[in-house]
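**Student:** This is the structure I have questions about; it appears just below.
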Amino acid sequence: MTLDQVEGRRWPISAGLRARYVITLVAVAAGVAQGFGRFSYAVMLPEMTRTYLHSYALAGSVGLANVGAYLLGTALVSFLATRVKSKSLVVWGLFLSTAGMTMNFMSHNVYLTMLSMAICGLGGSFIWVPTPGIAARSVEVRFSGLAMGLAGAGIGVLISISAELARVLHVFGGQLAWRLQWAIQAGFGLLVLVLVIAFLPKETGKPDLQRGSAKDLMRVPGWKSVTLAYTAYGLSYALFFTFFVAEIEHGSRISSSTASIDFGIIGFVSIFGGIVSGRLSDLFGRTLIMAGGFLFMVLSSLLVLIGGSVEAMVAAILFGVPMSGVANSVASFIGDDVPARSFSAVFGLVTLSFGVAQALATQLGGSLASVMGSFTGDFVISGFAALAGVGLSLSAGYYRKLSRLSISRTSSNNAW
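Per numbering that gives the first Met the number 0, the sequence shown starts with residue 0, numbered consecutively.
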């Protein structure tokens with residue numbers, strides 16, 4: 000079952016054009032759920048803490064609600080992916096993300112804010128898990144990595160927009176600045192929801208006789224290594240991304256406006272990071288590009304620890320590449336060896352480990368900052384986690400190479 004199997008009467012267009020608008024729609028949807036619904040919290044974190052939460056430990060708990068719900072949602076989507084059409088998952092994800100952002104705009108109670116962030120986290124999982132598969136099924140197999148990169152590019156675009164919004168709205172000061180941002184983002188989410196319902200084609204025809212299964216993960220050579228690598232990515236990226244703005248404002252004494260620009264740089268670079276990494280992984284292998292992305296993350300953490308405005312900007316540029324590139328490489332690595340019917344379920348299962356690491360990182364990072372009075376410990380852990388990711392990526396590639404050699408030898412023996 001592929002997205003090419005749409006109703007010809009309703010969609011009388013070429014396969015190439017169909018692939019373009021399908022990828023565009025899921026990219027923007029993913030951007031709303033992740034770039035707005037989840038990641039924009041990082042750029043609003045300092046102002047929300049100063050004017051509303053009054054504690055980075057509590058801010059970490061609010062972030063934990065978001066990541067915890069994302070984790071639960073991922074488990075749920077892994078179950079639903081073989082039973083519910085991908086378009087339905089995306090629609091529900093957009094609805095939840097928009098509702099959560101609307102609640103954040105209106106909330107005057109910390110517990111309600113935690114619930115709002117949890118709803119946003121749930122929406123994020125409903126969209127991100129099926130999105131790479133939707134994109135990959137709309138193109139030829141040899142372009143699957145590129146398609147997945149393009150689908151993730153929407154996240155970077157909307158992260159950049161959220162950073163610019165924060166910079167522009169900062170003039171209002173106080174709670175009004177971040178409340179207006181949540182409202183604007185929710186309004187855009189509602190518009191995208193309408194567009195997806197109206198124009199994103201859904202799979203038609205009878206379901207596959209053999210239902211997909213998350214157990215197909217075991218068919219992926221090096222699945223343990225790549226799962227652990229994605230776990231390391233979740234820990235490293237969550238610590239870096241969540242506390243980047245807060246650290247460079249407090250540790251490097253960078254202004255809120257400049258910190259927002261640096262945060263936007265991460266999102267802007269990630270637009271191209273996923274696309275370029277996806278195409279390079281199509282050409283040179285998934286794990287080599289994955290390992291390179293982790294190395295960039297190590298350097299980014301080191302630069303933030305060194306401190307300084309130039310170092311912060313370079314760290315933002317370096318981190319933007321693997322932010323989308325590593326996730327894309329993991330999704331492409333898995334997609335190479337599992338049936339299309341099982342992709343969402345398998346990727347959802349692997350994303351569970353990523354979500355656990357994110358949840359731990361969010362709470363750990365906020366608590367460490369409150370105890371130590373700085374974010375130094377957060378970025379040290381982030382750097383070491385990324386370093387572990389380099390080794391795990393290469394390990395996954397080693398096991399895949401062994402599997403390919405074994406298959407090749409078996410084919411040669413059978414030929415004789």
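Note that the Cβ used here is the ideal one computed from N, Cα and C, for glycine as well.
The structure presented is a predicted model; accordingly, all values stated were derived computationally and were not measured.
For residue 173, collect the residues of the same chain with a Cβ closer than 7 Å to its Cβ; drop the 5 residues on either side in sequence, then sort them by chain order.
**Tutor:** Against the sequence shown, residue 173 aligns to sequence position 174. The residues are 50.
**Student:** Using the three-state DSSP reduction, which class does residue 423 fall into: helix, strand or coil?
**Tutor:** Summary: the structure shown does not reach residue 423, with the chain confined to residues 0 through 415, and so no result is reported for it.
**Student:** Measure the alpha-carbon distance for residue 366 versus residue 56 and round it to whole angstroms.
**Tutor:** Here residue 366 corresponds to residue number 367 of the sequence shown, with the count starting at 1. Here residue 56 corresponds to residue number 57 of the sequence shown, with the count starting at 1. Residue 366 and residue 56: Cα-Cα distance of roughly 5 Å.
**Student:** For residue 280, which residues from the same chain have a beta carbon less than 7 Å from its beta carbon, with the 5 sequence-adjacent residues on both sides left out?
**Tutor:** The count along the sequence shown starts at 1 and reaches residue 280 at position 281. Within the same chain, residue 280 has close Cβ partners 144, 288, 328, 331.
**Student:** Pop quiz: residue 315 and residue 265 are said to be a contact at Cβ under 8 Å. What is the actual Cβ separation, rounded to whole angstroms?
**Tutor:** On the sequence shown, residue 315 is found 316 positions in, with the first residue counted as 1. On the sequence shown, residue 265 is found 266 positions in, with the first residue counted as 1. So it is a contact: roughly 5 Å between Cβ atoms.
**Student:** Exposed or buried, residue 258, counting other C-beta atoms within 10 Å across all chains shown (16 or more means buried)?
**Tutor:** The residue labelled residue 258 in the question sits at position 259 within the sequence shown. By the 10 Å Cβ count, residue 258 comes out buried.
**Student:** Would residue 391 and residue 189 be called neighbours here (beta carbons separated by less than 9 Å)?
**Tutor:** Here residue 391 refers to the residue found at position 392 when the sequence shown is read from its first residue. Here residue 189 refers to the residue found at position 190 when the sequence shown is read from its first residue. Cβ distance not < 9 Å, so residue 391 and residue 189 don't count as in contact.
**Student:** Please tell me whether residue 225 and residue 304 are closer than 9 Å, where the distance is taken between their beta carbons.
**Tutor:** On the sequence shown, position 226 is the one that residue 225 refers to. On the sequence shown, position 305 is the one that residue 304 refers to. It is not a contact, given that the beta carbons lie outside the stated cut-off.
**Student:** Is there contact between the stretch 22-39 and the stretch 117-127, where contact requires at least three CB pairs shorter than 8 Å?
**Tutor:** At 8 Å Cβ cutoff, the stretches touch.
**Student:** Using the Cβ count rule (16 or more neighbours within 10 Å means buried), how would you classify residue 193?
**Tutor:** Position 194 of the sequence shown, counting from 1, holds the residue named residue 193. Burial call: exposed.
**Student:** Taking just the CA atoms, how far does residue 347 sit from residue 89?
**Tutor:** Here residue 89 refers to the residue found at position 90 of the sequence shown. Here residue 347 refers to the residue found at position 348 of the sequence shown. In a straight line, the C-alpha of residue 89 is about 14 Å away from that of residue 347.
**Student:** On the three-state DSSP scale, how would you describe residue 248?
**Tutor:** The residue given as residue 248 occupies position 249 in the sequence shown. Three-state result, residue 248: helix.
**Student:** Does the beta-carbon of residue 65 have 16 or more other beta-carbons within 10 angstroms, so that it is buried, or is it exposed?
**Tutor:** For the purposes of this step, residue 65 is taken as residue 66 along the sequence shown, with counting starting at 1. Classification of residue 65: buried, given that the 10 Å Cβ count is 16 or more.
**Student:** Of the residues 263, 197, 277, 245, which one's Cα is nearest the Cα of residue 372?
**Tutor:** Working through the sequence shown from its first residue, we reach residue 372 at position 373. Selected option, being the one with the closest Cα: 245.
**Student:** Just to confirm the assignment, what range does the alpha helix (DSSP H) spanning residue 102 have?
**Tutor:** As a working mapping, residue 102 is identified with position 103 in the sequence shown. Element bounds for residue 102: 85-105.
**Student:** Which residue from 17, 297, 36 puts its Cα closest to that of residue 186?
**Tutor:** Sequence index remark: in the sequence shown, residue 186 carries index 187 (1-based). Of 17, 297, 36, the residue nearest in Cα terms is 36.
**Student:** Taking residue 463 and residue 116 to be in contact with their CB atoms under 8 Å, please state how far apart those CB atoms are, rounded to whole angstroms.
**Tutor:** Past the edges of the chain, shown from 0 to 415, lies residue 463, and the structure says nothing about it.
**Student:** May I have the straight-line CA-CA distance separating residue 195 from residue 271, to the nearest angstrom?
**Tutor:** Within the sequence shown, numbered from 1, the residue matching residue 195 stands at position 196. Within the sequence shown, numbered from 1, the residue matching residue 271 stands at position 272. If you take the alpha carbons of residue 195 and residue 271, they lie about 24 Å apart.
**Student:** If we ignore side chains and look at the alpha-carbon of each, how far apart do residue 235 and residue 269 end up?
**Tutor:** The residue you call residue 235 lines up with position 236 of the sequence shown. The residue you call residue 269 lines up with position 270 of the sequence shown. Going by the C-alpha atoms only, they are around 16 Å apart.
**Student:** In angstroms with no decimal places, state the Cα-to-Cα distance between residue 403 and residue 219.
**Tutor:** Counted from its first residue, the sequence shown places residue 403 at position 404. Counted from its first residue, the sequence shown places residue 219 at position 220. Rounded to whole angstroms, residue 403 to residue 219 spans 11 Å at the Cα level.
**Student:** With residue 21 and residue 133 assumed to form a contact (beta carbons below 8 Å), what rounded beta-carbon distance in angstroms separates them?
**Tutor:** Walking along the sequence shown from the start, residue 21 turns up at place 22. Walking along the sequence shown from the start, residue 133 turns up at place 134. Contact flag correct, Cβ pair sits at about 7 Å.
**Student:** I need the straight-line Cα distance from residue 119 to residue 405, nearest angstrom please.
**Tutor:** In the sequence shown, the residue the question calls residue 119 occupies position 120. In the sequence shown, the residue the question calls residue 405 occupies position 406. Between residue 119 and residue 405, the C-alpha separation is close to 45 Å.
**Student:** Please tell me whether residue 162 and residue 323 are closer than 9 Å, where the distance is taken between their beta carbons.
**Tutor:** On the sequence shown, residue 162 is found 163 positions in, with the first residue counted as 1. On the sequence shown, residue 323 is found 324 positions in, with the first residue counted as 1. Not closer than 9 Å, so no.
**Student:** If the criterion is Cβ atoms closer than 9 Å, does the pair residue 364 and residue 296 meet it?
**Tutor:** Locating residue 364 in the sequence shown gives position 365, where the first residue counts as 1. Locating residue 296 in the sequence shown gives position 297, where the first residue counts as 1. No, the Cβ-Cβ distance between residue 364 and residue 296 is not below 9 Å.
**Student:** Alpha carbon to alpha carbon, what distance is there between residue 30 and residue 263?
**Tutor:** Taking the sequence shown and counting its residues from 1, one reaches residue 263 at position 264. Taking the sequence shown and counting its residues from 1, one reaches residue 30 at position 31. Residue 263 and residue 30: Cα-Cα distance of roughly 14 Å.
**Student:** Using three-state DSSP, classify residue 46 as helix, strand or coil.
**Tutor:** Looking up residue 46 in the sequence shown gives position 47. Helix at residue 46.
**Student:** Where does residue 26 sit, in a helix, a strand or coil, going by DSSP?
**Tutor:** Taking the sequence shown and counting its residues from 1, the one referred to as residue 26 is at position 27. Three-state DSSP puts residue 26 in a helix.
**Student:** Give the single residue among 141, 183, 44 whose Cα lies nearest to the Cα of residue 282.
**Tutor:** As a position in the sequence shown, residue 282 is number 283, starting the count at 1. It is 141 whose Cα lies nearest to the Cα of residue 282.
**Student:** Can you tell me whether residue 108 is helix, strand or coil according to DSSP?
**Tutor:** Reading the sequence shown from its first residue, position 109 is the one you call residue 108. Three-state result, residue 108: coil.
**Student:** On a CA-only basis, which of 333, 243, 32 is nearest residue 302? Give me that one, please.
**Tutor:** Position 303 of the sequence shown holds residue 302. Measuring from the Cα of residue 302, the nearest candidate turns out to be 243.
**Student:** Mind checking whether residue 121 and residue 33 have CB atoms under 9 Å apart?
**Tutor:** Here residue 121 is taken as the residue at index 122 of the sequence shown, counted from 1. Here residue 33 is taken as the residue at index 34 of the sequence shown, counted from 1. No, the pair does not count as a contact, with Cβ atoms beyond the cut-off.
**Student:** Under 9 Å between the Cβ atoms of residue 60 and residue 357?
**Tutor:** Taking the sequence shown and counting its residues from 1, the one referred to as residue 60 is at position 61. Taking the sequence shown and counting its residues from 1, the one referred to as residue 357 is at position 358. Not in contact: residue 60 and residue 357 (Cβ atoms no closer than 9 Å).
**Student:** Determine, using beta carbons only, whether residue 311 and residue 251 come nearer to each other than 9 Å.
**Tutor:** Locating residue 311 in the sequence shown gives position 312, where the first residue counts as 1. Locating residue 251 in the sequence shown gives position 252, where the first residue counts as 1. Their beta carbons are under 9 Å apart, which means residue 311 touches residue 251 by this criterion.
**Student:** So the candidates are 326, 198, 359; which of them puts its Cα closest to the Cα of residue 17?
**Tutor:** In the sequence shown, counting from the first residue as 1, residue 17 sits at position 18. The shortest C-alpha separation from residue 17 is found at 198.
**Student:** Could you tell me which of 342, 351, 239 sits nearest to residue 300, measuring between CA atoms?
**Tutor:** Working through the sequence shown from its first residue, we reach residue 300 at position 301. Nearest of 342, 351, 239 to residue 300, Cα basis: 239.
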